[in-house]
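Worksheet: one structure, shown below.
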Amino acid sequence: MNPSQIVSKMFDNDAFSQWLGIVVDDISEGQCTLSMTVRKEMLNGFGIAHGSITYALADSALAFASNSLGKQSVSIDTSINHIESLKEGDKITAFAHENAVKNKFGFYSVKVKKGDVIVALFKGTVYRSDREWTNK
């Protein structure tokens with residue numbers, strides 16, 4: 213399967229990413245660009261986006277980028293730095309790219325931006341299983 217087919221298959225079964233309103237803007241081997249718009253029900257008690265919103269977008273970008281190489285992969289370590297707050301109506305974009313792949317592990321970085329402004333930096337490590345993505 214090619215990267216687009218893999219991500220389409222994953223996204224079709226990913227109710228959470230669909231609920232978030234994530235759009236797959238671009239996918240290639242080891243890279244992924246996703247976007248979404250912050251909605252009212254995503255705000256915390258301060259009236260700004262809950263931190264889990266940018267985390268979830270970045271985590272989905274990590275999942276799609278790492279699986280695009282053809283091996284079924286799951287995250288084993290992630291972290292995020294929240295740099296700027298977001299409000300209702302803000303459109304954010306996550307840019308995931310592979311830093312290195314070594315046998316069973318992949319190392320990725322994700323920038324989350326609002327326009328030209330970086331709002332969060334995310335890094336993730338994935339475990340790459342022996343299972344290949346198939347059409348079945």
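Numbers 213 to 348, taken from the numbering used here, label the letters of the sequence shown in order.
Cβ coordinates follow ideal geometry from the N, Cα and C atoms, glycine included.
From a predicted model like this one, the values you see are computed outputs, not experimental measurements.
Apart from the five residues just before and just after residue i, which ones in its own chain have a Cβ nearer than 8 Å to its Cβ?
i: asparagine 279; result: Ile218, Val219, Met222, Ser285 and Trp345
i: glycine 233; result: Met248, Thr249 and Arg251
Between residue i and residue j, which are expected to be in contact by the criterion C-beta below 8 Å, what is the C-beta distance as a whole number of angstroms?
i: alanine 261; j: serine 287; result: No, alanine 261 and serine 287 are not in contact; Cβ-Cβ is about 21 Å, not under 8 Å.
i: phenylalanine 317; j: arginine 340; result: 7 Å
i: glycine 282; j: methionine 213; result: 7 Å
i: phenylalanine 334; j: threonine 305; result: Not quite, the Cβ-Cβ distance comes to about 13 Å (not below 8 Å), so this is no contact.
Give me, in chain order, the residues of the same chain whose beta-carbon lies closer than 6 Å to that of residue i; leave out the 5 immediate sequence neighbours on both sides.
i: threonine 266; result: Val324 and Ala332
i: valine 250; result: Ala261, Leu298, Glu300 and Asp302
May I ask you to report which of helix, strand or coil DSSP gives residue i?
i: glutamate 253; result: helix
i: lysine 221; result: helix
i: isoleucine 295; result: coil
i: glycine 233; result: coil
i: glycine 318; result: strand
Within 10 Å of its beta-carbon, does residue i have 16 or more other beta-carbons around it, so buried, or fewer, so exposed?
i: serine 240; result: exposed
i: aspartate 271; result: buried
i: glutamate 253; result: exposed
Closest to residue i by CA distance: which of the options is it?
i: alanine 308; options: Phe319, Glu300 and Asp302; result: Phe319
i: alanine 275; options: Asp328, Asn347, Asn315 and Leu246; result: Leu246
i: asparagine 293; options: Asn256, Ala227, Ser264 and Ala312; result: Ser264
Suppose the cutoff is 7 Å on Cβ atoms and the five residues either side in sequence are ignored; what does the same chain contact list for residue i look like?
i: proline 215; result: Ile239, Ser240, Glu241 and Ser280
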